[in-house]
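Take a look at the structure set out below.
In UniProt numbering, the protein residues as written are 1 to 367.
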């Protein structure tokens with residue numbers, strides 16, 4: 001083993017001259033070959049899957065992917081769709097900025113590229129919501145480009161096999177990993193080899209070199225893997241430095257009129273941007289006033305609190321239920337952004353996962 005000059009940012013890392021050869025052979029025999037977005041060169045389908053797969057498991061993505069294609073079969077259909085339709089189909093998949101960027105990206109492809117995705121990694125990376133790794137994946141699968149990816153699974157593989165020290169999210173460590181990943185790309189490879197290599201990186205990290213229990217016995221790199229040879233599978237890659245996760249608290253109003261509930265459109269940016277949610281207030285008194293403004297009868301009743309975990313903070317939700325007084329005159333200036341939704345029509349609206357849980361609980365209590 002020797003150290004390639006391009007990885008001087010991490011001088012202790014060895015390299016394997018046949019890394020790509022071994023990985024391609026492994027992928028062809030043991031990798032995944034029947035996922036809905038495989039066996040296609042359609043950049044639209046590849047792009048859609050790559051965006052959905054960001055920080056989301058394959059099993060979760062598959063049904064969403066199918067529903068999106070059924071509703072938006074091509075980039076022109078997605079670009080022309082109302083934002084509400086896109087957010088409704090995305091609801092529950094999380095990381096909602098992805099959905100907003102997905103919609104905007106489709107519009108840019110139609111408006112600026114004639115409905116055709118650009119072929120170069122550089123041009124793809126300029127589109128909304130497409131970063132360097134995602135652009136490389138699209139270019140590799142759709143156009144056979146010789147470009148490396150570096151998502152979370154790949155970082156874990158590189159850290160273990162090559163003994164990369166440090167947290168992969170740290171800029172210096174990540175930059176070194178990019179150099180290493182680029183040095184490992186297959187040379188003089190066919191388009192099929194490039195696709196197999198890229199898919200192999202994804203599959204290897206997701207199925208064999210898993211986070212919790214890597215299957216080192218079946219690993220094609222077992223005798224050379226730094227983590228396996230030194231018994232450091234649990235230490236590599238290094239964990240994110242621990243930080244105190246802040247807690248936020250919000251009060252949500254379930255204003256009910258029979259079997260209908262009021263929903264309020266959230267601002268386009270921020271958490272749950274563009275989704276339909278329950279009206280919120282910063283404290284109990286503000287929630288009570290909000291209920292009166294929206295035309296509730298006197299008094300609100302507490303429901304069981306709910307906690308939702310985001311990547312960077314924890315949200316404690318205090319739900320309160322009130323009955324709508326049809327004789328009352330609502331004074332809230334926010335009425336223009338509200339709708340009354342039947343609890344039987346929950347699937348027709350894009351609502352955040354914890355709000356959906358609250359509404360399903362309310363629906364169950366009415367049955």
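The beta carbon of each residue, even a glycine, is placed where N, CA and C say it ideally should be.
Can at least three beta-carbon pairs, one atom from the stretch 195–210 and one from the stretch 22–33, be found at a separation below 8 Å?
-> yes
Straight-line gap, residue 42 to residue 325 (C-alpha atoms, nearest Å) | Numbered from its first residue, the chain shown carries residue 42 at position 42. Numbered from its first residue, the chain shown carries residue 325 at position 325. So the two alpha carbons sit approximately 53 Å from each other.
Proximity winner among 223, 260, 286, relative to residue 250 (alpha-carbon distances) = As a working mapping, residue 250 is identified with position 250 in the chain shown. For residue 250, the nearest C-alpha among the options comes from 286.
Indicate whether residue 162 and residue 22 have their beta-carbon atoms separated by less than 8 Å.
-> Here residue 162 corresponds to residue number 162 of the chain shown, with the count starting at 1. Here residue 22 corresponds to residue number 22 of the chain shown, with the count starting at 1. No, these two residues do not count as a Cβ contact at 8 Å.
Round the Cβ separation of residue 164 and residue 173 to the nearest angstrom and send it over; I've been treating them as touching at under 8 Å.
-> Translated into positions along the chain shown, residue 164 becomes position 164. Translated into positions along the chain shown, residue 173 becomes position 173. Contact flag correct, Cβ pair sits at about 7 Å.
Per-residue DSSP class, three states only, for residue 151 | Position 151 of the chain shown holds residue 151. Coil at residue 151, not helix or strand.
Meets three-Cβ-pair contact criterion under 8 Å: the stretch 355–365 and the stretch 288–295 = no
What are the boundary residues of the alpha helix (DSSP H) that includes residue 90?
-> Numbered from 1 along the chain shown, position 90 holds the residue referred to as residue 90. That run of the alpha helix (DSSP H) goes 83–90.
Quick one: what's residue 339 bridged to in DSSP?
-> Here the question's residue 339 lines up with position 339 in the chain shown. Looking at the DSSP assignment, residue 339 forms a beta bridge with 263.
Start-end ranges of the alpha helix (DSSP H) lying completely within the stretch 130–184, minimum 4 residues = 132–143, 152–162, 171–183
Would you be able to state if there are at least three C-beta pairs under 8 Å between the stretch 209–217 and the stretch 268–284?
-> no
Residue 113 versus residue 263 - alpha carbon distance | As a working mapping, residue 113 is identified with position 113 in the chain shown. As a working mapping, residue 263 is identified with position 263 in the chain shown. Straight-line Cα distance between these residues: approximately 37 Å.
Within its chain, find whatever has a CB closer than 7 Å to the CB of residue 55; leave out the 5 residues flanking it on each side and keep chain order.
-> Start at 1 with the first residue of the chain shown, and residue 55 comes out as number 55. Same-chain partners within the cutoff: 95.
Starting from the C-beta of residue 121, find all residues in its chain whose C-beta is less than 7 Å away, skip the five residues before and the five after it, and write them out in chain order.
-> Along the chain shown, one-based indexing puts residue 121 at 121. The answer, listed in chain order, is 135, 136, 139, 145, 147.
Can you tell which of 317, 166, 185 has its C-alpha closest to the C-alpha of residue 353?
-> As a position in the chain shown, residue 353 is number 353, starting the count at 1. Among 317, 166, 185, the Cα nearest to that of residue 353 is on 317.
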